[in-house]
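Read the structure below first, then the notes.
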Amino acid sequence: QVQLVESGGGLVQPGGSLTLSCAASRDIFSIYTMGWFRQAAGKQRELVARIPSGGSTFYADSVKGRFTISKDNAKNTVYLQMNSLKPEDTAVYYCRATFGLSYYWGQGTQVTVSS
Numbered sequence: 054q055v056q057l058v059e060s061g062g063g064l065v066q067p068g069g070s071l072t073l074s075c076a077a078s079r080d081i082f083s084i085y086t087m088g089w090f091r092q093a094a095g096k097q098r099e100l101v102a103r104i105p106s107g108g109s110t111f112y113a114d115s116v117k118g119r120f121t122i123s124k125d126n127a128k129n130t131v132y133l134q135m136n137s138l139k140p141e142d143t144a145v146y147y148c149r150a151t152f153g154l155s156y157y158w159g160q161g162t163q164v165t166v167s168s
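Next comes the structure, spelled out in structure tokens:
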């Protein structure tokens, strides 16, 4: 079992920045792909960014150039740095750990972009 705990969400003005964190309960980054997803009200959950245990990161077109995913293996924590935030980035953001057919979700953290 893996527990994932997100933090860092909140209310921010358009053009502002936030950094989300996802702490894993044990060392999984050497084999798990870590991803950030989001779900806006009335919409399906969508992949925002993904960082594998080895290899290149992936970003959705809607966040490319504005968001950066990174991880700190020593802290078992993955981050999502979000810059130039837009109202359409408003959503609940979820962290997911995936290895083969196994995956774990965090509880989500709300991000609201509004003036």
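Reading the sequence shown from the start, the letters are residues 54 to 168 in the working numbering. Note that CB positions come from ideal geometry on N, CA and C, so glycine has one too.
- Non-local beta-carbon contacts of T151 in its own chain, meaning distances under 7 Å to residues more than five positions away in sequence, involve Y85, T86, G88 in chain order.
- The C-alpha of L71 lies about 14 Å from the C-alpha of Y147.
- Per DSSP, the continuous beta strand (DSSP E) segment holding F120 begins and ends at 120-125.
- Of the candidates E141, K128, K96, R119, E141 places its Cα closest to the Cα of V166.
- Beta-bridge partners assigned by DSSP to F90: L100, Y147.
- Counting the other Cβ atoms within 10 Å of the Cβ of G107 gives fewer than 16, which makes it exposed.
- Around S74, the same chain offers S60, G61, T130, Y132 as residues with beta carbons nearer than 6 Å, after the five sequence neighbours per side are excluded.
- Taking the C-beta atoms as reference points, V101 is found no nearer than 7 Å to A77.
- A check of alpha carbon separations from S123 across Q66, R103, A144 identifies R103 as the nearest.
- Bridge pairing for L73: L133 [DSSP].
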